[in-house]
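In full-length UniProt numbering, the protein residues as written are 1 to 240. A virtual CB, placed ideally from N, CA and C, is assigned to each residue, including glycine. Written below as structure tokens is the structure these notes are about.
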């Protein structure tokens, strides 16, 4: 189940969202140029290692923030940037560029701290923007729960396009994180509690980053929603 786009148009260019995506890609390109020993050194220095923080000083207290910009592979990076591209522009639309960046980084730190609280003795570096992006998704749920998300569901060799409410999709996503966190020992490799912590932080804190008397929300669905009503060229469309 792959989200393709939402149906709420932006009113302003999503400059900050694109700059964040570019920053993540730039850091990943830097990672690719490192040798294996150098990469490990970077991951353990700038990734968040919970055991190092809970052991007390000296400790890399910057790591809950810097860990957000590191990724473990192409799939990890592309999945995160695709999700940020879908949800980030609308959240930036409400907050403005500077506040959106501050909000994004704050959610990233909250996500890292959630993972730290649950696994304080872990010696595995926690990396990735998933927690920060989960915060963006939490804010999106609070501000645009009436929006609709178009999903691609591959059924064998026939694509099925399904349009669902943002409320349904994001609630389902959050439920998957909760269930997966209970199975974490068997699944491994994914910081589900960072996802949960980031999502909750984004939902709870988003109002602090919306300027008073500033940007109004765009409540009207735009051309993408109207295009949905056109006959499909391939595959099948379902609206839930």
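Reference residue 112, options 90, 19, 69, closest by Cα: Your numbering for residue 112 matches position 112 in the chain shown. Checked all of 90, 19, 69; the closest Cα to residue 112 is 69.
Beta carbon of residue 84 nearer than 8 Å to that of residue 136: As a first step, residue 84 is located in the chain shown; it is residue number 84 there, counting from the start. As a first step, residue 136 is located in the chain shown; it is residue number 136 there, counting from the start. Cβ distance < 8 Å, so residue 84 and residue 136 count as in contact.
Rounded separation between residue 122 and residue 51 - CA only: Stepping through the chain shown from its first residue, residue 122 is reached at position 122. Stepping through the chain shown from its first residue, residue 51 is reached at position 51. Using only the alpha carbons, I get a separation of about 5 Å.
Pair within 8 Å by beta-carbon distance, residue 170 and residue 162: Reading the chain shown from its first residue, position 170 is the one you call residue 170. Reading the chain shown from its first residue, position 162 is the one you call residue 162. In this structure, residue 162 does not lie closer than 8 Å to residue 170 by Cβ.
CB contact flag (residue 200, residue 108, <8 Å): Within the chain shown, the letter at position 200 stands for residue 200. Within the chain shown, the letter at position 108 stands for residue 108. No. Outside cutoff.
Inside the stretch 60–104 only - alpha helix (DSSP H) runs reaching at least 4 residues: 63–66, 74–95
Three-state secondary structure (DSSP) of residue 149: As a first step, residue 149 must be located in the chain shown, where it is residue number 149. Strand.
Simplified DSSP assignment, three categories, for residue 126: Against the chain shown, residue 126 aligns to sequence position 126. Correct three-state label for residue 126: strand.
Segment contact, 8 Å Cβ cut-off, at least three pairs: the stretch 170–182 with the stretch 5–20: no
For residue 179, the nearest candidate out of 193, 166, 168, 167 (CA to CA): By 1-based counting over the chain shown, the position of residue 179 is 179. Ranking the options by Cα distance to residue 179, first place goes to 193.
Bridge-paired residues (DSSP) for residue 165: Position 165 of the chain shown holds residue 165. Per DSSP, 148.
Of the residues 41, 25, 57, 99, the one placed nearest residue 75, counting alpha carbons only: As a position in the chain shown, residue 75 is number 75, starting the count at 1. Nearest of 41, 25, 57, 99 to residue 75, Cα basis: 25.
Identity of the residue in 96, 48, 140 nearest residue 126 by Cα: Translated into positions along the chain shown, residue 126 becomes position 126. The shortest C-alpha separation from residue 126 is found at 48.
Within-8 Å CB hit, residue 62 to chain C: The chain inventory of the structure shown lacks chain C, comprising one protein chain alone.
Cβ neighbours of residue 55 in the same chain (closer than 8 Å, five flanking residues each side left out): In the chain shown, residue 55 corresponds to position 55, counting from 1. Once the five neighbours on either side are set aside, residue 55 has no close Cβ partner at all.
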